[in-house]
Structures are given as structure tokens and as C-alpha cells.
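In the working numbering, the protein residues as written are 1 to 80.
Virtual Cβ for every residue (Gly too), placed ideally from N, Cα, C.
Data first, discussion second: the structure below is written as C-alpha cells.
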């Protein structure tokens with residue numbers, strides 16, 4: 001199932017990039033979007049990263065965990 005998800009992400013990403021380039025007419029906008037995402041990721045990492053050990057057993061649920069659970073609860077997982 002993991003290979004399927006990776007393959008689907010690659011297909012959707014490639015088709016999405018093609019549509020984006022077709023919409024703008026060049027690769028410049030797509031490369032700019034990629035650069036902005038890299039910059040935002042680096043900023044997020046530098047703001048929230050820590051060199052200290054994090055004990056997840058004693059800390060409360062994080063904001064990210066709350067958002068993940070908010071969207072994951074309505075989804076029913078089936079085991080085959």
C-alpha cells in the first residue's frame with residue numbers, strides 16, 4: 001500500500017506541475033512556488049526545532065496532534 005501511495009503522489013505531482021506550467025506558460029512560476037515552499041519549511045524548522053530531548057510521554061497533546069486527530073477521526077480505517 002505504501003508503494004501505491006508514493007506512485008499516486010508522483011503521478012498527481014507531475015500532472016499538477018504540468019497544469020501549473022501550462023497555466024502560467026513557463027517554469028518560472030513553478031520554480032518560484034517551490035522556492036517559497038522551501039523557504040517556509042526552513043523558517044518553520046528554525047523556529048520550532050530544538051536540540052533538547054523531548055519527552056512525549058509527559059507532555060500534553062501538541063497543536064499538530066490536535067489538527068491531525070481532528071481530520072483523522074472522521075476517516076474509518078479498514079483492515080484487510
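- Look at residue 50 here: in three-state DSSP terms it is coil, with no helix or strand label.
- Here DSSP, grouped into helix, strand and coil, assigns residue 41 to helix.
- 9 Å or more divides the Cβ of residue 13 from the Cβ of residue 21.
- Its chain contains no residue whose beta carbon lies nearer than 6 Å to that of residue 4 once the 5 sequence neighbours on both sides are disregarded.
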